[in-house]
Amino acid sequence: MNIQEGIKELESHKMKSEDIRTDCFNNGLNAGIAVMKKLDEPQKPVVDSFVAEWFEDNKDALDLAIFMAIRELDDEEWPHKKDFENWLDVAENKPIETLIRMRDGYEVEKEPLYCVKIGKGYFSGFDETKVTYVIDDAPGALAQRIKYNSKEEAEMDAIQIGGTVEEVVEG
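Read left to right, the sequence shown gives residues 0 to 170 (numbering that gives the first Met the number 0).
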């Protein structure tokens, strides 16, 4: 149960009556609610997608999986072969604490995406003989534009077709 659920539970026990006994009971509940509102609720860790993927694959035996992953680092040189191993081997990431806290929930860090803007439209691909694009205020246009994982890849097409690169805001 998190703090908000606890507050909701206490609120549900409040009584509706006009006598002194009920007032005292409700005052006690209100005092408890006030204390709960002052508590610090731990924030969910925000992790890269490769950390989330490793966690999901290993959450059923997490303690053993962490132990084994750390043992495997002993035999390898830096940088490691996998992104997760590199992340695990950096103390500033607080990897063990983060992985344990992920049991209570986590968020995956959104990686930026890029698109190519051409005038008042967005690049949507190549037809047999020409560049195709969608006008940015047309219904569904934003869903049809090509989204690139890297800025460099978007810049290559932008140079080729005379467009500019924009970071995509998903949401």
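Glycine included, each C-beta is placed from N, C-alpha and C at the ideal position.
Can you tell which of the options has its C-alpha closest to the C-alpha of residue i?
i	options	result
Val107	Asp135, Ala60 and Phe49	Phe49
Lys150	Leu141, Thr163, Arg144 and Lys37	Thr163
Ile134	Phe122, Leu98 and Glu84	Phe122
Ala60	Leu9, Val168 and Arg102	Arg102
Asp82	Arg100, Glu52 and Thr97	Glu52
Gly104	Lys58, Glu10, Gly5 and Gly31	Lys58
Arg144	Val167, Met14, Glu55 and Ser16	Val167
Ile65	Lys7, Ala137, Glu96 and Gly120	Glu96
Ala78	Pro111, Lys15 and Val89	Residue identity check: residue 78 is Pro in the sequence provided, not Ala. Here the closest residue by C-alpha is Val89.
Pro111	Asn92, Asn29 and Asn148	Asn148
Ala30	Leu9, Ser16, Pro41 and Lys43	Leu9
Glu152	Gly120, Glu91, Lys119 and Cys114	Cys114
Arg100	Gln3, Val45, Glu4 and Lys36	Val45
Lys36	Arg70, Gln3, Met67 and His12	Gln3
Thr131	Gly161, Lys15 and Glu17	Gly161
Within 10 Å of its beta-carbon, does residue i have 16 or more other beta-carbons around it, so buried, or fewer, so exposed?
i	result
Pro94	buried
Ile117	buried
Asp62	exposed
Leu38	exposed
Leu98	buried
Asp156	buried
Phe125	exposed
Leu72	exposed
Ala33	exposed
Cys23	exposed
Ala142	exposed
Ala191	The shown model of the chain, from 0 to 170, leaves out residue 191, and the question about it has no answer.
Name the DSSP beta bridge partners of residue i, please?
i	result
Ile117	Gly120
Phe125	Val130
Val46	Val107
Leu112	Val167
For residue i, report the span of its beta strand (DSSP E) as first-last.
i	result
Ile134	Val130 to Ile134
Glu166	Thr163 to Val167
In the DSSP assignment, find the unbroken alpha helix (DSSP H) run with residue i in it and report its ends.
i	result
Pro94	Pro94 to Arg100
Val89	Val89 -> no alpha helix (DSSP H), and no H or E assigned at all.
Indicate, with yes or no, if the ligand SAH has a heavy atom lying under 8 Å from the CB of residue i.
i	result
Glu55	Of the ligands one can find in the structure shown there are none, so the ligand SAH has no counterpart to examine.
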